[in-house]
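*Asks:* In my numbering, the protein residues as written are 23 to 182.
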Amino acid sequence: MAGIDSDLRIFRHYPWQAEERRGKDGSVRFKVWNDLENQGINVIYSKREYSLQAFRSPLDPARPFNQFDAETGHADMKRRDNHLGESCAWFNMKPDAADAIKMECLTPDGVPLKVELHFGMGDGEFYTAVEVKRRPVDINEMLPPRELIEPSAWGFTVDD
Numbered sequence: 023m024a025g026i027d028s029d030l031r032i033f034r035h036y037p038w039q040a041e042e043r044r045g046k047d048g049s050v051r052f053k054v055w056n057d058l059e060n061q062g063i064n065v066i067y068s069k070r071e072y073s074l075q076a077f078r079s080p081l082d083p084a085r086p087f088n089q090f091d092a093e094t095g096h097a098d099m100k101r102r103d104n105h106l107g108e109s110c111a112w113f114n115m116k117p118d119a120a121d122a123i124k125m126e127c128l129t130p131d132g133v134p135l136k137v138e139l140h141f142g143m144g145d146g147e148f149y150t151a152v153e154v155k156r157r158p159v160d161i162n163e164m165l166p167p168r169e170l171i172e173p174s175a176w177g178f179t180v181d182d
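In structure tokens form, the structure reads like this:
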């Protein structure tokens with residue numbers, strides 16, 4: 023998906039999902055999580071920030087939501103759209119969030135064709151799919167890019 027300031031790639035290998043955002047400034051945000059185990063890793067790499075977070079919390083049947091991504095379900099916005107010859111419906115992916123908005127236009131089988139992100143009072147990012155491939159995704163494609171998790175990228179030296 024192409025955005026104004028970055029590009030977004032989304033992979034799914036149920037129950038795993040991964041998102042990789044590459045900024046035009048060289049920054050990278052990579053997130054992978056498991057919907058069934060409510061666990062994931064978030065890596066942020068830029069000139070100003072290095073961050074690696076891991077999170078795991080069993081799903082509570084009384085409050086079933088993805089704590090890692092703070093998603094509490096999604097609300098149908100009753101808007102329809104069309105892109106790349108496919109129809110999609112708009113959903114608010116964080117209906118209970120006060121500080122962030124994530125809206126996605128999803129095909130009937132759940133593929134996002136358009137994504138809108140807004141954080142706090144700042145500018146948002148708008149992504150539009152330039153290509154959609156429905157294919158088996160290998161679990162190795164769900165791993166963080168090697169350059170993000172190499173110790174040398176974080177300023178560490180590793181002796182053999």
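A virtual CB, placed ideally from N, CA and C, is assigned to each residue, including glycine.
Using C-beta distances below 6 Å, list every residue in its chain close to E126, excluding the 5 sequence neighbours before and after it, in chain order.
*Replies:* Once the five neighbours on either side are set aside, the close Cβ partners of E126 are F113, M115, P134, V137.
*Asks:* Specify the secondary structure class of I26 as computed by DSSP and reduced to three states.
*Replies:* In this structure, I26 counts as coil in the three-state DSSP scheme.
*Asks:* According to DSSP, what are the bridge partners of E126?
*Replies:* Bridge partners of E126: F113, V137.
*Asks:* Suppose you measure from the CA of A97 to the CA of D103; what does that come to, to the nearest Å?
*Replies:* Taking the straight line joining both Cα atoms gives about 16 Å.
*Asks:* Whole angstroms is fine: what's the gap from D151's alpha carbon to D181's?
*Replies:* It is Ala, not Asp, that sits at residue 151 in the sequence shown. Looking at the two C-alpha atoms, the distance is approximately 43 Å.
*Asks:* In the DSSP assignment, the alpha helix (DSSP H) including L170 goes from what residue to what residue?
*Replies:* Taken as a continuous stretch (DSSP letters only), the alpha helix (DSSP H) holding L170 covers 168–171.
*Asks:* Output needed for P37: all residues of its chain with C-beta closer than 6 Å, excluding positions within five of it in sequence on either side, in chain order.
*Replies:* Here the set comprises N56, D57, L58.
*Asks:* Assign F141 to one of two classes, buried (16 or more other C-beta atoms within 10 Å of its C-beta) or exposed (fewer than that).
*Replies:* Under this definition F141 is an exposed residue.
*Asks:* Assuming contact is defined by CB atoms lying nearer than 7 Å, are I66 and R51 in contact in what I supplied?
*Replies:* Yes, Cβ-Cβ distance for I66 and R51 is below 7 Å.
*Asks:* Assuming A111 contacts L139 (C-beta within less than 8 Å), just tell me the rounded distance between them.
*Replies:* Incorrect: roughly 18 Å between the Cβ atoms, too far for contact.
*Asks:* Can you tell me which residues form a DSSP beta bridge with V54?
*Replies:* DSSP lists A40, I63 as partners of V54.
*Asks:* If you reduce the DSSP assignment to three classes, tell me which class E153 lands in.
*Replies:* DSSP places E153 in coil when its eight states are reduced to three.
*Asks:* Would you list the residues sitting across from F77 in a DSSP beta bridge?
*Replies:* G62, per the DSSP bridge assignment.
*Asks:* For A175, list the residues DSSP reports as bridge partners.
*Replies:* According to DSSP, which records beta bridges pairwise, A175 is partnered with nothing at all.
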